[in-house]
Amino acid sequence: MNTTRSEEMYKIALDLMPGGVNSPVRAFGSVGRKPLFIDHAKGSHIYDVDGNSFIDYVCSWGPGILGHAHPEVVEAVVKACFDGLTFGAPTRKESELASLVRDCIPSMEMVRMVNSGTEATMSAIRAARGYTGRDKIIKFKGCYHGHSDGLLVQAGSAALTQSVPDSSGVPASFAQQTLVALFNDKDSVRELFDNNKDQIAALIVEPVAANMGVVLPEEGFLEFLREITQEHGAVLIFDEVITGFRLGLGGAQEWYKIKPDMTTLGKIVGGGMPMAIYGGRRDIMENVAPIGKVYQAGTLSGNPIATTAGIRTIQLLMEGPDIYARIEANAVKLADAFRARAKRLGIGLHVNQIGSLLSAFFTDQQVKDYAGALSSDTEAYAGYFSHMLENGIYVAPSQFEAMFVSGAHTDADIDRTIQVLEL
Ligand code: KE4
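Next up, the structure:
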């Protein structure tokens with residue numbers, strides 16, 4: 054595969070930006086290759102600067118549920134641009150998007166728009182701390198909620214002690230406010246609440262973990278989180294930046310019928326533009342400035358172009374034809390093809406799939422938690438990644454990410470992908 058121009062661009066970029074990228078995972082570090090520079094994308098395909106084309110299952114890490122450059126979204130965005138890119142003042146569109154979100158996710162009684170999932174989770178936690186007057190939070194090892202200091206924290210060896218930052222530059226004092234539990238391990242959560250009575254402001258969780266690869270909540274786990282947070286007066290925050298509008302219009306909370314106190318959204322809700330949202334119970338959100346004392350602000354929050362992209366995307370998802378059944382069916386086909394490959398090659402492979410989200414873990418263990426995910430052979434994953442890329446299939450350049458199926462993936466795309474898996 055010719056990658057001459059990508060390599061030229063990479064050299065230039067390396068001199069200008071850390072690792073030549075604006076987000077670490079894009080550097081292809083964990084798959085031992087130089088990154089491809091993308092020229093354009095359309096529908097289910099992405100095209101690099103050397104003219105190579107790929108069936109894309111990264112979908113920009115989730116936003117691309119309708120496929121790239123959906124004509125109706127692009128048309129709405131272009132039209133909006135002629136009315137001005139940003140005003141720093143309220144617009145009708147923000148209320149329209151907020152209302153659409155509440156129609157789809159009724160637990161989000163009141164919302165605030167920001168520019169990234171990181172801002173959404175950081176602000177939701179600040180609102181929960183302001184509402185409860187407490188400082189500590191619980192997150193889960195292997196769950197990712199963006200790069201705000203308090204959330205860039207991984208537990209120590211026992212996973213139950215005070216955490217240590219896993220990013221340098223995060224003061225230990227910040228980490229001490231973040232307690233880390235184990236996903237699908239009720240005792241690890243119980244222990245933190247018992248040892249930190251009345252100190253925990255919030256528990257934040259990806260209801261379906263998708264940042265250690267896709268790991269599903271075990272039967273009753275989310276119900277348990279709902280009960281224990283209720284019992285201890287802690288705010289339950291569902292980080293649905295990936296699952297929101299991905300598992301259906303109502304996201305994971307509709308899928309599992311659990312009502313969190315707060316929810317964060319990103320990716321799909323902005324239709325690929327910089328847009329994310331936090332919100333939830335009115336009595337919590339009414340603590341947010343300017344009506345409350347929890348300060349949070351943003352120059353481009355609720356930006357008229359980003360809201361336009363989000364509104365049109367959600368409208369298309371609501372108007373149908375219903376794509377959710379089709380993208381789930383295609384994800385199931387791919388999951389079965391991965392399992393068939395593993396059987397044929399006699400390799401350990403564990404596939405987790407829900408809706409249009411899936412991950413193939415290169416391990417012979419069941420992957421029901423972080424330890425299971427970490428048992429994966431990342432070298433084997435890197436080999437698989439190159440095999441797919443060299444055959445025109447663009448999957449996540451990391452074992453610990455999700456594969457996304459979009460409404461733009463055709464039967465021919467799925468068949469071609471299965472064919473490559475059969476090579
Ligand atoms: P952003 O700040 O990247 O918009 O969102 C942070 C975030 C919050 N919550 C969840 C559940 C997320 O998955 C993310 C971001 N996801 C990663 C992919 N796993 C974004 C890709 C990247 O970091 O470049």
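First residue of the sequence shown? That's 54 in my numbering, and the numbers climb one at a time after it. C-beta: ideal position from N, C-alpha, C; glycine also.
Worksheet entry | As assigned by DSSP and simplified to three states, the class of threonine 144 | If DSSP states are grouped into helix, strand and coil, threonine 144 belongs with coil.
Discussion item. Please tell me whether, using a cut-off of 6 Å, the distance from the CB of glycine 73 to the nearest non-hydrogen atom of ligand 1 is below it.
Written reply: Result no, Cβ not under 6 Å from ligand 1.
Worksheet entry | Residue from Ala181, Asp219, His403 and Thr316 whose Cα sits closest to the Cα of lysine 346 | When each option's Cα is compared against that of lysine 346, the closest is Ala181.
Worksheet item: If you measure from the CB of isoleucine 407, is any heavy atom of ligand 1 nearer than 6 Å?
Response: No, Cβ of isoleucine 407 sits at least 6 Å from all heavy atoms of ligand 1.
Worksheet entry | Secondary structure, alpha helix (DSSP H): runs of 4+ residues fully inside the segment 247-302 | Secondary structure within the segment 247-302: the alpha helix (DSSP H) runs of 4 or more consecutive residues, fully enclosed, are 274-285 (chain order).
Worksheet item: Cβ atoms of alanine 177 and isoleucine 290: under 7 Å apart, would you say?
Response: Yes, the Cβ-Cβ distance between isoleucine 290 and alanine 177 is below 7 Å.
Practice prompt. Please classify asparagine 75: does DSSP put it in a helix, a strand, or coil?
Written response: Coil.
Practice prompt. Please check the pair valine 111 and tyrosine 434, which I expect to be a contact at CB under 8 Å, by giving their CB distance rounded to whole angstroms.
Written response: With 8 Å as the limit, valine 111 and tyrosine 434 do not qualify as a contact, their Cβ atoms being about 14 Å apart.
Practice prompt. Pick out whichever of Val267, Arg334 and Trp308 has its Cα sitting closest to the Cα of glutamate 276.
Written response: Nearest option by C-alpha distance: Trp308.
Discussion item. With a threshold of 7 Å on Cβ separation, who are the neighbours of phenylalanine 81 within its own chain once the five nearest residues in sequence on each side are excluded?
Written reply: Hits under 7 Å: Lys87, Pro88 and Pro450.
Fill in: Backbone CA spacing between arginine 394 and glutamate 475 [nearest angstrom]
For arginine 394 and glutamate 475, the distance between alpha carbons rounds to 6 Å.
Fill in: Residue span of the beta strand (DSSP E) that contains histidine 93, given as start and end
For histidine 93, the enclosing beta strand (DSSP E) begins and ends at 91-95.
Item to complete: May I ask whether a heavy atom of ligand 1 can be found less than 6 Å away from the beta carbon of glutamate 259?
Response: At least one heavy atom of ligand 1 is nearer than 6 Å to the Cβ of glutamate 259, so yes.
Worksheet item: Hey, how far is the Cα of aspartate 279 from the Cα of isoleucine 257?
Response: Checking the sequence shown, residue 279 turns out to be arginine, not aspartate. When rounded, the distance between both Cα atoms is 11 Å.
Worksheet entry | Continuous beta strand (DSSP E) stretch holding alanine 413: start and end | The continuous beta strand (DSSP E) containing alanine 413 extends over residues 410-414.
Worksheet item: Measuring CA to CA, which of Ile367, Thr360, Gln207 and Lys146 is closest to tyrosine 423?
Response: Ranked by Cα distance from tyrosine 423, the options Ile367, Thr360, Gln207 and Lys146 are led by Gln207.
Fill in: 3 or more residues per run - each beta strand (DSSP E) lying fully within the segment 113-190
Contiguous beta strand (DSSP E) elements confined to the segment 113-190 occur at 163-167, taking only those with 3 or more residues.
Practice prompt. Verify the contact flag: glycine 203, CB atom, against every heavy atom of ligand 1, threshold strictly below 6 Å.
Written response: Every heavy atom of ligand 1 is 6 Å or more from the Cβ of glycine 203, so no.
Fill in: Nonlocal neighbours in the same chain, by C-beta distance under 6 Å from alanine 388, ignoring five residues either side
So the qualifying residues of the chain are Val404, Gln406 and Leu411.
Worksheet entry | Where glycine 222 falls, given that 16 or more other Cβ within 10 Å makes a residue buried | Exposed: under 16 other Cβ atoms inside 10 Å.
Discussion item. Relative to the C-alpha of glycine 115, which candidate in Tyr63, Glu293, Met371 and Pro143 has its C-alpha closest?
Written reply: For the residues Tyr63, Glu293, Met371 and Pro143, the minimum Cα distance to glycine 115 belongs to Glu293.
Worksheet entry | Where phenylalanine 391 falls, given that 16 or more other Cβ within 10 Å makes a residue buried | Burial call: buried.
Worksheet item: Grouping DSSP H, G and I as helix and E and B as strand, with all else coil, what is glutamine 215?
Response: Only weak support is given to the placement of glutamine 215: the predicted model assigns it a pLDDT of 45, under 50, and the question is left unresolved by the model.
Worksheet item: Which class does aspartate 101 belong to by DSSP, given the choice of helix, strand or coil?
Response: In the structure shown, aspartate 101 adopts extended strand secondary structure according to DSSP, grouped into three states.
Item to complete: Work out the CA separation of aspartate 430 and glycine 401 for me, nearest whole Å.
Response: Straight-line Cα distance between these residues: approximately 9 Å.
Discussion item. If contacts are defined as beta-carbon pairs under 8 Å, then isoleucine 108 and histidine 98 qualify, I think. What distance do you get, rounded to the angstrom?
Written reply: About 6 Å separates the CB atoms of isoleucine 108 and histidine 98; that is less than 8 Å, so the two are in contact.
Worksheet item: Where does histidine 403 sit, in a helix, a strand or coil, going by DSSP?
Response: Here histidine 403 sits in strand by DSSP.
Item to complete: Would you list the one or two residues that DSSP bridges to glycine 333?
Response: As DSSP reads the structure, glycine 333 sits in a beta bridge with Met163 and Met315.
Item to complete: State the Cα-Cα distance for the pair glycine 478 and glycine 425, rounded to the nearest angstrom.
Response: In the structure displayed, the chain extends from 54 to 476; residue 478 sits before or after that span and is not available.
Discussion item. Tell me the DSSP secondary structure of phenylalanine 457 in three-state form.
Written reply: In the three-state scheme derived from DSSP, where H, G and I count as helix and E and B as strand, phenylalanine 457 is classed as strand.
Worksheet item: In the structure shown, what three-state DSSP assignment does lysine 421 receive?
Response: Here lysine 421 sits in coil by DSSP.
Worksheet item: Which term fits proline 313, buried or exposed, when burial requires 16 or more other beta carbons within 10 angstroms of its beta carbon?
Response: Proline 313 should be labelled buried.
Fill in: Nearest to asparagine 168 (by Cα), restricted to the options Gly324, Met456 and Arg335
Checking every option, the nearest Cα to that of asparagine 168 belongs to Gly324.
Worksheet item: Is the beta carbon of isoleucine 295 within less than 6 Å of some heavy atom of ligand 1?
Response: The answer is yes for isoleucine 295.
Discussion item. Can you give me the C-alpha to C-alpha distance between alanine 212 and valine 233, rounded to a whole angstrom?
Written reply: The pLDDT assigned to alanine 212 is 32, lower than 50, so where the model puts this residue is not dependable; a value taken from the coordinates is nonetheless given after this. Alanine 212 and valine 233: Cα-Cα distance of roughly 6 Å.
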